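Read in this note's numbering, the sequence shown has 716 at position 167, and its numbers run on one by one without any break.
Each residue gets a CB set at the ideal place from its N, CA and C atoms; glycine is no exception.
None of these values were measured; they are calculated from a predicted model.
The next block holds one structure in the form of structure tokens; read it before the comments.
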Amino acid sequence: MKNITSILLMSALGFSISCSTMKENTTKIDDTAVLNNPFYKKSTLQYQAPEFDKIKDEHFAPAFEYGLKVNEAEIAAIVNNKEAATFENTILALEKSGEVLKRAQIVFYNLTGSNTNPTLQKIEEQYAPIFASHADKIYLNSALYNRIKAIKTDGLDAEDQRLLEVYKQRFELAGANLSDSDKEQMKKINAELATLSTQFSSKLLEARKKGAVLISDVKELDGLSADEIAAAATDAKNAGYEGKYLLTLLNTTQQPLLQNLKNRATREKLFKASWYRAEKGDENDTRAILERQAKLRMEKAHLMGKSSYAELNLVDQMAKKPENAMNLLYQLGKPAVEQAKREIVDIQALIDAQKGGFELAPWDWNFYAEQVRKAKFDLDENQIKPYFEVSTVLEKGVFYAAEKFYGITFKERKDLPVYHPDVVAYEVFDRDGKSLAIYYLDFYTRDNKNGGAWMSNFVEQSFMTGTKPVIVNVFNYQKPAPGKPSLISYDDVSTMFHEFGHTLHGLFANQKYITISGTNVPRDFVEFPSQINEFFALEPSVLKNYALHYETKEPMPQTLVDKIKKAATFNQGYATTELVSAATLDMAWHSVKSDAEIKPTLDFEKEVLTKYGFTLPQVPPRYHSPYFAHIWGGGYSAGYYAYMWSDVLNADAWKWITDNGGMTRVNGDRFRKYILSVGNSVDLNQAFKDFTGRTPDIKPLLQNKGFVK
Ligand SMILES: [Zn+2]
């Protein structure tokens, strides 16, 4: 699945003041440490790209301590300024503060997501409450808030005013208007929530690792390709089980290998390992943590005078209110479940025709759906894969589409240091040929990497700081056995286009201020640029260019292309239901209004799914609550609906593009101008209207999914 940057969250943590919890960890700053720590000064690499050849685990804690102290002094100077508050001496001063801290944090959180280790995990856990309380000391600082309120807007341009508004709202949403005693309560809640979220992520990572299924007899893996078996053998060897096979878990409920495993018992084993991974009553059980998170988030909302956390959390989003989000989920979920029921009938018919003698279970779905797809559309995933080699898809697909639509070009950079040998780097050039950004890609799954795929910035664009974007896309593709080509599924191809859509949003950022630059937008807008970019994967001229057989270099035959297109609406009942049911779970957990509504995890989940009509046992949610990392470990709490919200935007905007000449440079420039380059510097409901000339319509999405004609 696709998810975005934890760094989006980080911009809200930002700056700070010293805190009591720091005392025992206070590190003396000596001059040698300052000289040797790569975070204390700007990187000398192009666009301040991180100096991964110099950065070591032991640099983070001192950089955090030093950064916190510097930041504390900066904030004190703003608050104690004798002059009347102005935009320059308050907002700009805030925007400029915390440089060292942010530089260290941004690299740190990228690494803890993509390449962590026990040392980094320990630091993460240690600093989570410190950073939370740090942010509180800024955003709950009455003197600072009063200065912001007093700023006059005369002479400010539109972007300045927007920045001022965003800061004001951020302070208000953090609780700057609360009484002193409520502020103390808020600080306590935030500190505990920060710790819980980190604990959730650490436990889940362990649970995912321990949940891997060990297979002794290769016969049980019947149906897997030779490469998949070799990869499982390598994983087993690395885990200390030489001669066996390890099926590692991905973060979603369904596991890609289920599609090919012929042995039903193995399928059941793998599926159950996935489903039950974090509810075994052992040290990696996440249920108590998430129940506590739901309770604390509710209490936080109550402090702020809101009935639920969802209500609080949607104030600054496009959706504005939980009802609007729930309404969308209903409009999408109802036809999706109906479609899934028809899909069940098709699959059961196939099982019966094969004299299977059993009822379809979730672990059978992908295995038989794949066969239905073959029968109905004559399309075989294994026929497709040889045409999707990772670097060809990237350079001749993703990059080619961007060049055609936006006029930008790419050059591989082997000279830049990277944080893992698998990471590759490119320099990006703008339509006028000028250098624009640095872009890294980290393709392969590792057991020290979070699941999913995401985009993140190492450096964010800003005219004020003179910085250009330095961006990374992280994936979890199965790493091929040594010497084998990296062939990926169409889903993986689509994910690559998706993450690159986020990258474009970061690349084309064109703001004075980082806080409202690039992808620093509401969650229910942020997936719009990424999801619309997925359409290019099937655009005929693009597909022709990248879908080349890895051995013969022949383009994909037109008959196969036609089949892929015809099959585009295939399985949409399942795919949409699993997403919408997960989004509904998220909204339900964050709509609780009293302690009594918070039941034990499994009971709560069951009640919600029943209440909203997601009762098909064959179609479980994409994430089961105990491993729903987006909402308990990441920044999507009361926000998972955002994917579907953005989906409405992208389907409608894509319709506008195809109705108006399609993939032309003129349309590319227009999309860049109104959508990709505005960051959060304008009203985004208005930005959509500026691009299409209308308010978003859900119909194109329902049509794309084949739910309506
Ligand atoms: Zn995304």
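- A distance criterion of 7 Å places the beta-carbon of S1079 in contact range of ligand 1, judged by its closest non-hydrogen atom.
- DSSP places P587 outside both helix and strand once states are collapsed to three, so it counts as coil.
- Unbroken alpha helix (DSSP H) stretches of 4 residues or longer found wholly inside the region 814-858: 836-852, given in chain order.
- Nearest to V1215 by C-alpha distance, out of V1023, V1197 and F1240, is F1240.
- For H1179, the CB stays at least 7 Å from every heavy atom of ligand 1.
- Collapsing the DSSP output to three states places V1019 in a strand.
- For L990, the uninterrupted beta strand (DSSP E) run begins and ends at S984 to Y993, by DSSP.
- Assignment of A974 by DSSP, reduced to helix, strand and coil, places it in the strand class.
- Under the three-state reduction of DSSP, P1104 is assigned to strand.
- Boundaries cannot be given for Y1190, as no beta strand (DSSP E) includes it and DSSP labels it neither H nor E.
- By the Cβ criterion, the region 1157-1166 is not in contact with the region 916-934, since fewer than three pairs of Cβ atoms, one from each stretch, lie closer than 8 Å.
- Per the Cβ contact rule, the region 1185-1198 is in contact with the region 1069-1077 (3 or more Cβ pairs under 8 Å).
- Segment contact: the region 1059-1073 against the region 950-962, fewer than three CB-CB distances shorter than 8 Å; contact not assigned.
- In the DSSP assignment, T958 forms a beta bridge with F978.
- Annotation for N876: no residue places its beta carbon closer than 6 Å to its own, counting only its chain and skipping 5 residues before and after.
- Check the Cα spacing between K1142 and each of S1186, L1053 and R846: the tightest is with R846.
- With a cutoff of 8 Å on beta-carbon distance, Q804 and F820 are scored as near each other.
- The three-state secondary structure of N1006, taken from DSSP, is strand.
- By DSSP's assignment, S1011 forms a beta bridge with T1016.
- Counting only unbroken stretches of 4 or more residues, the alpha helix (DSSP H) elements lying wholly within the region 1044-1126 are 1072-1083, 1089-1095 and 1107-1115, in sequence order.
- Here Y1026 is bridged, per DSSP, to Y993.
- Cβ atoms of A1137 and S750 stay farther apart than 8 Å, at about 22 Å.
- Residue nearest to L928 within the set P1071, A1116, L1092 and F937 is A1116 (criterion: CA-CA distance).
- Between D771 and K811 the beta-carbon gap is near 5 Å, inside 8 Å, which marks them as a contact.
- Where Y794 is concerned, the enclosing beta strand (DSSP E) starts and stops at Y794 to L796.
- Residue nearest to F1119 within the set K945, I893, K983 and R1171 is I893 (criterion: CA-CA distance).
- Here E1048 is buried: its Cβ has 16 or more other Cβ atoms, across all protein chains shown, within 10 Å.
- Bounds of the beta strand (DSSP E) holding L763 are V762 to I764.
- Annotation for D706: no alpha helix (DSSP H) segment contains it, and DSSP assigns it neither H nor E.
- Exclusion of the five residues before and after I700 leaves A634, T635, F636, T639, I640 and L713 as the residues of its chain whose Cβ lies within less than 8 Å of its Cβ.
- For secondary structure counted as the alpha helix (DSSP H) over 4 or more consecutive residues, the region 1149-1203 holds these complete runs in sequence order: 1150-1160 and 1178-1181.
- Between W912 and E817, the C-beta spacing is below 8 Å.
- In the DSSP assignment, S691 falls within the unbroken alpha helix (DSSP H) covering S691 to A699.
- Separation of the CB atoms of Q1060 and Q1010 is rounded to 7 Å, and the pair is thereby assigned contact status at 8 Å.
- When the five nearest sequence neighbours on each side are left out, the beta carbons in the same chain lying within less than 7 Å of the beta carbon of Y790 are those of L763, in order along the chain.
- If you draw a 10 Å sphere on the C-beta of E1083, you find 16 or more other C-beta atoms in it, and that means buried.
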